[in-house]
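Step one of this worksheet: look at the structure below.
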Amino acid sequence: MDAKRGEECTHGIESMGFYSNFIEFGPKVSYILMFAYISLTLGDVSLSSSFCISSKVGVDNMCILVHAVKRQPSDMPLEGRISNALVEVGPSITLASLSEIMAFTVGSFIPMPACRVFSMFAALAVFLDFLLQVTAFVALIIFDFLRTKDDRVDCFPCIKAPSSNSENDRGDGNHYFSGDVFSENVEVKISGLNQGKLGLLARYMKEIHAPILGLWGVKIDVVIVFVAFAFASIALCTRIEPGLEQRIVLPRDSYLQIARASTVPESSYIAKPAASWLDDFLVWMSPEAFGCCRKFTNGSYCPPDDQCFLHSDWHNNRPSTEQFIEKLPWFLNALPSADCSKGGHGAYTSSLDLNDYENGVIRASEFRTYHTPLNKQIDFVNAMRAAREFSSRISDSLKIDIFPYAMFYIFFEQYMDIWKTTLVNVVIALGAVFTVSLIITCSLWSSAIILLVLAMVVVDLMVVLSICGPPSTSLLVENRNAPNEKQEHQVLNSATHSS
Numbered sequence: 006m007d008a009k010r011g012e013e014c015t016h017g018i019e020s021m022g023f024y025s026n027f028i029e030f031g032p033k034v035s036y037i038l039m040f041a042y043i044s045l046t047l048g049d050v051s052l053s054s055s056f057c058i059s060s061k062v063g064v065d066n067m068c069i070l071v072h073a074v075k076r077q078p079s080d081m082p083l084e085g086r087i088s089n090a091l092v093e094v095g096p097s098i099t100l101a102s103l104s105e106i107m108a109f110t111v112g113s114f115i116p117m118p119a120c121r122v123f124s125m126f127a128a129l130a131v132f133l134d135f136l137l138q139v140t141a142f143v144a145l146i147i148f149d150f151l152r153t154k155d156d157r158v159d160c161f162p163c164i165k166a167p168s169s170n171s172e173n174d175r176g177d178g179n180h181y182f183s184g185d186v187f188s189e190n191v192e193v194k195i196s197g198l199n200q201g202k203l204g205l206l207a208r209y210m211k212e213i214h215a216p217i218l219g220l221w222g223v224k225i226d227v228v229i230v231f232v233a234f235a236f237a238s239i240a241l242c243t244r245i246e247p248g249l250e251q252r253i254v255l256p257r258d259s260y261l262q263i264a265r266a267s268t269v270p271e272s273s274y275i276a277k278p279a280a281s282w283l284d285d286f287l288v289w290m291s292p293e294a295f296g297c298c299r300k301f302t303n304g305s306y307c308p309p310d311d312q313c314f315l316h317s318d319w320h321n322n323r324p325s326t327e328q329f330i331e332k333l334p335w336f337l338n339a340l341p342s343a344d345c346s347k348g349g350h351g352a353y354t355s356s357l358d359l360n361d362y363e364n365g366v367i368r369a370s371e372f373r374t375y376h377t378p379l380n381k382q383i384d385f386v387n388a389m390r391a392a393r394e395f396s397s398r399i400s401d402s403l404k405i406d407i408f409p410y411a412m413f414y415i416f417f418e419q420y421m422d423i424w425k426t427t428l429v430n431v432v433i434a435l436g437a438v439f440t441v442s443l444i445i446t447c448s449l450w451s452s453a454i455i456l457l458v459l460a461m462v463v464v465d466l467m468v469v470l471s472i473c474g475p476p477s478t479s480l481l482v483e484n485r486n487a488p489n490e491k492q493e494h495q496v497l498n499s500a501t502h503s504s
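Here the numbering used here is used: the first residue of the sequence shown is 6, the next is one more, and so on.
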């Protein structure tokens with residue numbers, strides 16, 4: 006009983022789980038310190054996303070490496086097992102890691118700040134993770150293997166457990182990897198190894214999954230179903246709405262085009278005609294506005310509440326340049342009142358650039374209006390796009406520079422061309438993955454399969470996003486470029502075994 010209990014204590018894999026967590030934690034601390042040294046800021050969303058990406062890659066690679074060592078013949082020396090395991094899965098681990106690094110490196114050239122910073126952190130994290138996996142983690146596997154052979158307690162190597170009666174168990178340490186996810190004391194027959202009891206997952210793959218997929222009819226049906234789903238996804242992926250999560254953000258040659266645009270708010274997103282300082286100024290100066298523009302006998306401005314004289318009449322129903330220059334400061338300082346509501350103080354105080362107005366020239370001014378109610382993220386993006394198109398038409402008509410501005414524009418500007426950015430980014434990332442796969446595998450067929458599978462995964466992900474409803478953000482654009490690492494491992498291993 007003591008020997009059996011001692012075997013359970015020495016053949017555990019908890020220490021390897023601790024080593025894996027340590028290996029995963031190291032790159033995260035390293036890249037945070039490295040980018041902090043060069044004063045590169047990382048937001049909460051980018052930090053958490055890069056943590057998840059690097060952890061996914063690291064856990065996959067380490068599990069693949071551990072199971073590769075487990076599959077080696079027990080009569081081989083320890084160094085031979087480790088060497089064979091690295092030969093077996095090393096190329097696939099390298100391919101997956103390099104593909105991830107290349108895909109994220111492509112994202113670092115995107116002008117979107119959040120996407121660029123996230124890509125830089127993720128690329129460096131995957132690179133450091135890969136280096137630790139093929140060096141430090143392999144060394145830790147050897148140390149833990151030696152601990153098992155010496156009957157040392159898992160997680161407490163200073164304590165020696167009671168020896169097992171089986172000399173074979175003590176001699177080769179084969180039970181170090183005997184634990185399976187679903188059963189204990191499992192041995193897998195590979196390349197002449199002794200047949201033992203398979204675990205639940207291994208039995209399913211061997212007895213059910215693989216034989217069914219081996220049937221020609223099933224193969225054809227699977228290909229047809231996934232190709233059809235890919236084409237359906239291409240048709241539905243355009244339903245993705247660009248934008249931010251709500252919780253994250255808080256005549257043709259005249260400006261009167263804004264008034265015309267306000268009559269079609271469903272396309273222009275303009276709710277009412279613009280508030281024009283020039284219109285209000287001319288009304289305020291008009292002789293018909295008895296309570297507005299008046300002056301004292303000495304020629305100074307007279308507020309509406311005092312008894313004053315009317316200003317001089319206009320010439321040809323328009324103010325002269327001298328009248329314009331004289332009365333504009335009066336208008337901008339006039340407070341609205343019951344007798345004259347057209348006073349410009351407050352409403353237009355900051356709407357004009359008066360640096361050169363003495364010469365009768367207003368170099369810059371603004372006209373204000375309102376957007377229609379914007380309820381969805383796509384409404385904000387469409388409103389900004391409509392405003393830019395409208396201002397572009399006015400600029401071409403009047404031959405002056407006009408640009409729209411609203412407080413929310415700064416948050417949605419990056420989504421104006423997000424579809425173009427997404428397509429370019431995905432195509433470049435897939436091209437980089439294809440190039441890396443072709444260089445490592447030297448197989449055009451395997452590289453083409455990897456490219457096709459990754460493209461289908463990206464398209465399927467986009468249709469899931471369109472159905473579930475989250476808007477397309479800069480981080481989602483970059484996440485679509487992260488290659489499906491498991492697919493690369495499987496395709497590469499299949500190509501290696503077939504050759």
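Just so it is clear, CB atoms sit at the ideal spot from N, CA and C, and this is done for glycine as well. Source: prediction; values computed, not measured.
Inter-residue spacing [alpha-carbon to alpha-carbon] between residue 209 and residue 94: Here residue 209 corresponds to residue number 204 of the sequence shown, with the count starting at 1. Here residue 94 corresponds to residue number 89 of the sequence shown, with the count starting at 1. Their backbone Cα atoms lie some 23 Å apart in a straight line.
For residue 87 versus residue 147, is the C-beta distance shorter than 9 Å? Position 82 of the sequence shown, counting from 1, holds the residue named residue 87. Position 142 of the sequence shown, counting from 1, holds the residue named residue 147. In this structure, residue 147 lies closer than 9 Å to residue 87 by Cβ.
Between residue 115 and residue 124, is the Cβ-Cβ spacing less than 9 Å? The count along the sequence shown starts at 1 and reaches residue 115 at position 110. The count along the sequence shown starts at 1 and reaches residue 124 at position 119. In contact: residue 115 and residue 124 (Cβ atoms closer than 9 Å).
Whole-angstrom distance between residue 413 and residue 394, CA atom to CA atom: As a first step, residue 394 is located in the sequence shown; it is residue number 389 there, counting from the start. As a first step, residue 413 is located in the sequence shown; it is residue number 408 there, counting from the start. Going by the C-alpha atoms only, they are around 17 Å apart.
Straight-line CA distance for residue 329 to residue 411? On the sequence shown, residue 329 is found 324 positions in, with the first residue counted as 1. On the sequence shown, residue 411 is found 406 positions in, with the first residue counted as 1. So the alpha carbons of these two residues sit roughly 30 Å apart.
Whole angstroms are fine: how far does the CA of residue 420 sit from the CA of residue 25? On the sequence shown, residue 25 is found 20 positions in, with the first residue counted as 1. On the sequence shown, residue 420 is found 415 positions in, with the first residue counted as 1. If I take the Cα positions, the gap works out to 39 Å.
Starting from residue 389, trace the alpha helix (DSSP H) both ways and give me its first and last residue. Mapped onto the sequence shown, residue 389 falls at position 384. First-last of the alpha helix (DSSP H) with residue 389: 382 to 403.
Considering only residues of the same chain and omitting the five flanking positions on each side of residue 439, which have a CB-CB separation below 8 Å? Along the sequence shown, read from residue 1 onward, the residue named residue 439 stands at position 434. Within the same chain, residue 439 has close Cβ partners 452, 453, 455 and 456.
Going by DSSP, name the residue or residues bridged to residue 370. Walking along the sequence shown from the start, residue 370 turns up at place 365. 357, per the DSSP bridge assignment.
Report buried or exposed for residue 430, applying the criterion of at least 16 other Cβ atoms within 10 angstroms of its Cβ. For the purposes of this step, residue 430 is taken as residue 425 along the sequence shown, with counting starting at 1. With 16 or more other Cβ atoms within 10 Å, it is buried.
Quick check: the segment 132 to 144 against the segment 442 to 451, are there 3 or more CB pairs under 8 Å? no
Rounded to whole angstroms, what is the Cα-Cα separation between residue 132 and residue 102? Within the sequence shown, the letter at position 127 stands for residue 132. Within the sequence shown, the letter at position 97 stands for residue 102. The straight-line gap from Cα to Cα measures roughly 7 Å.
Tell me, which residues are paired with residue 72 by DSSP? Within the sequence shown, the letter at position 67 stands for residue 72. Per DSSP, none; premise fails for residue 72.
How is residue 214 classed by DSSP in three states: helix, strand or coil? The residue given as residue 214 occupies position 209 in the sequence shown. Helix.
Please classify residue 39 as buried or exposed, where buried requires at least 16 neighbouring CB atoms within 10 angstroms. Within the sequence shown, numbered from 1, the residue matching residue 39 stands at position 34. By the neighbour-count rule (16 or more Cβ atoms within 10 Å), residue 39 is not buried but exposed.
Pop quiz: residue 389 and residue 417 are said to be a contact at Cβ under 8 Å. What is the actual Cβ separation, rounded to whole angstroms? One-based indexing of the sequence shown puts residue 389 at position 384. One-based indexing of the sequence shown puts residue 417 at position 412. Indeed they touch by this definition, with Cβ atoms about 5 Å apart.
Three or more beta-carbon pairs under 8 Å between the segment 346 to 364 and the segment 381 to 388, yes or no? no
Alpha carbon of residue 399 to alpha carbon of residue 369, nearest angstrom: The residue you call residue 399 lines up with position 394 of the sequence shown. The residue you call residue 369 lines up with position 364 of the sequence shown. Approximately 15 Å, taken between the alpha carbons.
Per the DSSP calculation, residue 152 is bridged to which residue(s)? Taking the first residue of the sequence shown as 1, we reach residue 152 at position 147. Answer by DSSP bridge pairing: none, since residue 152 is not bridged.
Would residue 199 be called buried (16 or more neighbouring beta carbons within 10 Å of its own) or exposed? By one-based count along the sequence shown, residue 199 stands at place 194. Per-residue confidence for residue 199 stands at a pLDDT of 39, beneath the threshold of 50, marking its modelled position as unreliable; the derived number appears in the next sentence. With fewer than 16 other Cβ atoms within 10 Å, it is exposed.
Just checking my contact of residue 467 with residue 242 at CB under 8 Å: how many whole Å lie between their CB atoms? Walking along the sequence shown from the start, residue 467 turns up at place 462. Walking along the sequence shown from the start, residue 242 turns up at place 237. Correct: roughly 4 Å between the Cβ atoms.
Which term fits residue 324, buried or exposed, when burial requires 16 or more other beta carbons within 10 angstroms of its beta carbon? Along the sequence shown, one-based indexing puts residue 324 at 319. Under this definition residue 324 is a buried residue.
With which residues is residue 350 paired in a DSSP beta bridge? The count along the sequence shown starts at 1 and reaches residue 350 at position 345. According to DSSP, residue 350 bridges with nothing at all.
Residue nearest to residue 423 in terms of C-alpha spacing, selected from 80, 117, 462 and 441: Sequence index remark: in the sequence shown, residue 423 carries index 418 (1-based). Checking every option, the nearest Cα to that of residue 423 belongs to 117.
Identify the continuous alpha helix (DSSP H) that holds residue 102 and give its terminal residues. Looking up residue 102 in the sequence shown gives position 97. Residues 83 to 112.
Which one of 112, 235 and 425 has the shortest CA to CA distance from residue 461? Position 456 of the sequence shown, counted from the first residue, corresponds to residue 461. It is 235 whose Cα lies nearest to the Cα of residue 461.
Am I right that residue 437 and residue 108 are in contact with their C-beta atoms under 8 Å? What's the rounded C-beta distance? Position 432 of the sequence shown, counted from the start, is the residue given in the question as residue 437. Position 103 of the sequence shown, counted from the start, is the residue given in the question as residue 108. Between residue 108 and residue 437 the Cβ distance is about 6 Å, and since that is below 8 Å, they are a contact.
Start-to-end residues for the alpha helix (DSSP H) that takes in residue 209: Taking the first residue of the sequence shown as position 1, residue 209 is located at position 204. Residue 209 -> alpha helix (DSSP H) spans 205 to 209.
Spatial neighbours of residue 340 within its chain, please: CB distance less than 7 Å, with the 5 preceding and 5 following residues excluded, ordered by chain position. Your numbering for residue 340 matches position 335 in the sequence shown. So the list reads 348 and 350, once near-sequence residues are dropped.
Verify the CB distance criterion: does residue 437 have a CB-CB separation below 9 Å to chain D? You won't find chain D in this structure, because it holds only one protein chain.
For my contact list, residue 409 and residue 434 are in at a C-beta cut-off of 8 Å; report their separation, rounded to the angstrom. If you number the sequence shown from 1, residue 409 lands on position 404. If you number the sequence shown from 1, residue 434 lands on position 429. Not really, about 34 Å apart at Cβ, beyond 8 Å.
Rounded C-alpha distance that separates residue 332 from residue 342: Within the sequence shown, residue 332 is the residue found at index 327, counting from 1. Within the sequence shown, residue 342 is the residue found at index 337, counting from 1. Going from the Cα of residue 332 to the Cα of residue 342 covers about 18 Å.
Given residue 432 as reference, the closest of 464, 238 and 134 once Cα atoms are compared: Translated into the one-based positions of the sequence shown, residue 432 becomes position 427. It is 464 whose Cα lies nearest to the Cα of residue 432.
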